[in-house]
Every structure is written in structure tokens, then in C-alpha cells.
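2 protein chains.
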Amino acid sequence: MNFTSEPRVENGVIERDFTVDDIPGILWTPASAQAPVPLILLGHPGGIRQMHPRLAARAEAAAADGIASATVELPGAGDRPPLPGVEHARADLRRALQAGEPVGADIVDGLVLPLVDAAVPEWRAAMDALLSLPEIGGPVAYSGGIISIGVRLAVVEPRIVAAGLFAGSFVPEAIMHEARRVTIPLHVLLQWDDVGNDRQMALDLFDAFGSKEKSLNANMGGHTGVPRHAGEGASGFFSRHLS
Amino acid sequence: MNFTSEPRVENGVIERDFTVDDIPGILWTPASAQAPVPLILLGHPGGIRQMHPRLAARAEAAAADGIASATVELPGAGDRPPLPGVEHARADLRRALQAGEPVGADIVDGLVLPLVDAAVPEWRAAMDALLSLPEIGGPVAYSGGIISIGVRLAVVEPRIVAAGLFAGSFVPEAIMHEARRVTIPLHVLLQWDDVGNDRQMALDLFDAFGSKEKSLNANMGGHTGVPRHAGEGASGFFSRHLS
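Quick mapping for you: the protein sequence lines, in order, are chains A and B. Counted from 1, the first sequence has number 137 at position 137 by my numbering; the numbering is strictly sequential. Each position in the second sequence, counted from 1, maps to that position plus 1000 in my numbering.
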């Protein structure tokens, strides 16, 4: 792991760029921390540079609760080389949506599964590196989308103790099955009127999770319109399970 | 309106029994209030005497936010005379549940609609009386079940500005239609694994509400197992809309 920028200090947060195995990432730590802190892995749809304002805002909220945050670029996003096959599935998706056709399982599988398969080992390698830093102590949570990445991580990575998931993307059938094996506490956000999202799929996924403690928090406001109080609810969830 | 008990002061709350048109009720006001306060109407399934511990706990949480709470006994519950017809529908319901049969629309209508028709004017009369007290200023919210009473009140009573509804009982088709005319902010609690509740009906009702601001908060723990953090989320909702 290499830090590739000077620390930037703003709003009580120290922000540093890093790379792990040449994959770019960002780490935010609370400036006031005196001891090792817990960590939230910030999920996103790809493109950490353009997502930066929203990621930094989430990291600031976590830092106010004494929690560090980190993210890494997704395979095929930002300056990273495209993922074979996914571009093809994305073109199929666009065609289906433009034609008003239902989005078939093969498109969803082609779009999401290669991404999950490639991304999850990278997130785990980033966790190894981040948890070796003296300022990061754990435990670790995953937060956000892509929800299928969060599900796979929750199944395979025992160091992740809780997940706040954003149900805002297509979920392959295979991930639905993996969801039954998730047992950690979950806080699931769903935008009820997200026109590009399959609401029934999100409800089926929530139902499938094997966790004894799971909350579904559905709100209005479209895909990007998660209301402020829902963000506060998610913060409370992470505080309860990490602090 | 007559107060029928001496004030009881406990945990920062003044509790007083009252009657309006011979219907018994309870009023809780924050002991520290210096000026007229907002009011939450505490809904319940009937039987305010046996529900008292849970009602008082909700009233204490509201009082901590500077909000008064009040409730009245439901028609046919506690010491009040039975509602004609409802007892009959309740027996039909018990038979259907014991036989493992689906609960028909006629049973749901017979169980809920007479109760809504009788209860709503009583809650409105209680509001008139409570809002005439110098210590109660408004605005007013409805909180809890029976959800069909909350829906009807939200439609017909312009003084109710927000509602936190507990989706834990059968909802007649007629109330589903009324739900489209509800426009106030809503916070809906659903116990996802409530075996005696029709989850799809609750989701359909949530979808039907006409409100631009509505949140669904679904949790595990069975009918009576609403987790503490869900209660805190509801408190935040009332604070935002009443204070």
C-alpha cells in the first residue's frame, strides 16, 4: 500500500489518496482520533473521482462518529481498463431499456457477476492493507452500493461485521441465493420511487437475507434523492455496530 | 372534558386521566413545558388500561422532545360496550385463522370499518377538547395503530400534520382507496416477520399513500418486537414535523 498524496485536512477529516496493487483508493480518518478506529468501506457505482463529493460527505459523517472510511476504484471504472464482457452487457441493457423491454437475467448476470468476481478480492486486499495501518483498528462495515458486492463481501469476509446496503441496482439470481447465507446485521436503503430500479427485486433480496437483525428503510426522492434523515438513520446503525 | 384523576408526575411527565363525552382517555404533558406544546395522538389496538405501560413509555419519549401525548379508549374496548357486528367478524376471523383459511375481504371489512367509523369522530372530539387546553398548542400528529384509524384521520382531519403508522393489522380495501388521498408526511413501521400480518397488504398500502414524503421502516422481531432504534427513528420523525 502506497500513499500517493499529501494528507488533506478539512472538516475534522484527514483525507489521503493511496494505491493497493496499483488500484487507486481514498482513506478518510477522523483528525481527532487518539486510538485505532473502526472502518467503513464506502461502496459506489464506479468512478471515485466524480463520486468524490458524495463519498467525502459520507466519510465526514462517519468521522464525526469516530469512524474511518475508505474506498477503492471499481474494476473497469475511472482510469482502470474496461472489464471484458461487461461493456457488452451494458450495451444490451441500454437497448432493452430504450426498447421498453424487460431486463433479462442474462443481461443482469453479464453486467454484475464479472464485476463482483473481480471487485471482491480487491476490496479484501484493500482491507488487509488498511487494517495493517496503526490508525485503523476495526471492526469493519460495508456501506452503499453496488449491493451485490456488499452481499458477496458479507458472505466471504468474516472481518465485516455489519453492512448498510443501498438497494439501487440489478441483482443477479446467484446473489439472491448468496443473500440467504448473510447473517450480519443489515441496514438496507431503498428509494421507493427509483424508476430505474426493480422494487420487487429489492424486496425479495431483503426478504432473502438470513440476518436476524435487518432493517429496510424505504424513502421517496428518486435514485439519488435519499433524504437527510435516512442518512442519519444509517449513521446510527454504523455507530451501534462499530463503536 | 373532565379530568378524572389527580396529576401523576413521573420521569418528567405529568399524567392525567380524563373523559370526553364519557370516553376515558389519558393525557401526558412534559413537566418542564413553559409554553403550549405540540400533541401526538397515541393509537393502540384497544384497552388503554392493559396498554398503559407501552403507551406511557411512548409518551415519555415524546415528552423528552417537548411534545404532549394523549389517547382515548376505542369503541368496544376496555369497559366500553361492544360494537355491534365487530364481535361477529372477530369470531369469523378466529375461525378462518384456526382453519388456516385466507382472511376474506368481508371479514376484514366487518372487523375494521365499523371501528374506524365509530372511533374517528371520537378522536376528533378529543382533539377539540385537548387543543382547548392552555398547555396544548399543536400541531398534532397521529402515532401507531390501528393503521386504518390513522389513515381515515389523516384524510378527514386537517389539524393532523404528520402520522407515524404501525402497519400491523388488516386493512380494508376502502381504506386502501382513502390512502391515495393522504398527503401529509408519513413514517410507517412494519414488522417484516409479523406472522399474523399480511406483509404484501402493508407494502401495497405504503405504495398507495399519496404523500410526497413517506418512509417505510421494516424490522425483524415479530408483532411486538419493534427494535429500540426503530422507536428512535420514529421520535426523530415527530420532532422534525412537530417541533
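The C-beta atom is built at its ideal place from N, Cα and C for all residues, glycine as well. Note that the coordinates shown come from a computational prediction; the quantities given were computed from them, not determined experimentally.
Helix, strand or coil for residue i? Go by DSSP, reduced to three states.
i	result
F1209 of chain B	coil
E60 of chain A	helix
L216 of chain A	strand
A33 of chain A	coil
G1148 of chain B	The question names Gly, yet the displayed sequence has Ser at residue 1148 of chain B. It is helical.
V1156 of chain B	helix
L1074 of chain B	coil
P1053 of chain B	helix
L203 of chain A	helix
G25 of chain A	strand
G164 of chain A	strand
P1134 of chain B	coil
S5 of chain A	coil
V195 of chain A	coil
P1081 of chain B	coil
I313 of chain A	Residue 313 of chain A is absent from the model: chain A starts at 1 and stops at 243.
P1139 of chain B	strand
S69 of chain A	strand
P102 of chain A	coil
Looking at chain A, is there any beta carbon in it that lies within less than 7 Å of the beta carbon of residue i?
i	result
G1225 of chain B	no
M1201 of chain B	no
L1216 of chain B	yes
What span of residues does the alpha helix (DSSP H) with residue i cover, start to end?
i	result
L131 of chain A	105-131
H241 of chain A	228-242
E1173 of chain B	1173-1179
A1274 of chain B	In the structure as shown, chain B starts at 1001 and stops at 1243, and residue 1274 of chain B therefore has no counterpart that could be examined.
Count the other CB atoms, across all protein chains shown, that sit within 10 Å of the CB of residue i; report buried if there are 16 or more and exposed otherwise.
i	result
N217 of chain A	buried
R1285 of chain B	Shown here, chain B extends from 1001 to 1243; a query on residue 1285 of chain B therefore has no answer.
A1068 of chain B	buried
A1091 of chain B	exposed
Q98 of chain A	exposed
E213 of chain A	buried
H1177 of chain B	exposed
G1025 of chain B	buried
A1105 of chain B	exposed
D194 of chain A	buried
V1037 of chain B	buried
T1071 of chain B	buried
A1234 of chain B	buried
P75 of chain A	buried
A1228 of chain B	A quick correction: the sequence has Arg, not Ala, at residue 1228 of chain B. Flag for R1228 of chain B reads exposed.
Compare the Cα-Cα distances from residue i to each of the options and report the closest residue.
i	options	result
P30 of chain A	A:F18, A:R159, A:E60	A:E60
G225 of chain A	A:R54, A:A105, A:L42	A:R54
N2 of chain A	A:H44, A:L189, A:G12, A:L27	A:L27
P1121 of chain B	B:A1091, B:S1143, B:V1156	B:V1156
S1032 of chain B	B:L1041, B:G1012, B:D1022	B:G1012
A202 of chain A	A:G236, A:P172, A:G104, A:L42	A:P172
V140 of chain A	A:P7, A:L83, A:L205, A:L41	A:L41
I184 of chain A	A:V112, A:L242, A:R199	A:L242
L165 of chain A	A:A118, A:G144, A:I175	A:G144
V1182 of chain B	B:I1160, B:P1102, B:L1133, B:E1135	B:I1160
D1021 of chain B	B:D1128, B:P1158, B:D1198	B:D1128
A1035 of chain B	B:G1222, B:G1231, B:G1138, B:A1154	B:G1138
A1254 of chain B	B:I1146, B:Y1142, B:R1095, B:R1180	Because chain B here runs from 1001 to 1243, residue 1254 of chain B falls outside it and cannot be looked at.
L1189 of chain B	B:A1154, B:F1237, B:I1175	B:F1237
R1080 of chain B	B:G1150, B:A1118, B:L1186	B:A1118
G1085 of chain B	B:G1110, B:G1066, B:E1073	B:G1110
S211 of chain A	A:Q200, A:R180, A:H223	A:R180
Quick check: is the beta carbon of residue i nearer than 7 Å to any beta carbon in chain B?
i	result
N246 of chain A	The requested residue 246 of chain A does not occur in the structure, where chain A is confined to residues 1 to 243.
M220 of chain A	yes
G233 of chain A	yes
If you follow the beta strand (DSSP E) that residue i is part of, which residue opens it and which one closes it?
i	result
T19 of chain A	13-20
E1010 of chain B	1008-1010
L1186 of chain B	1186-1191
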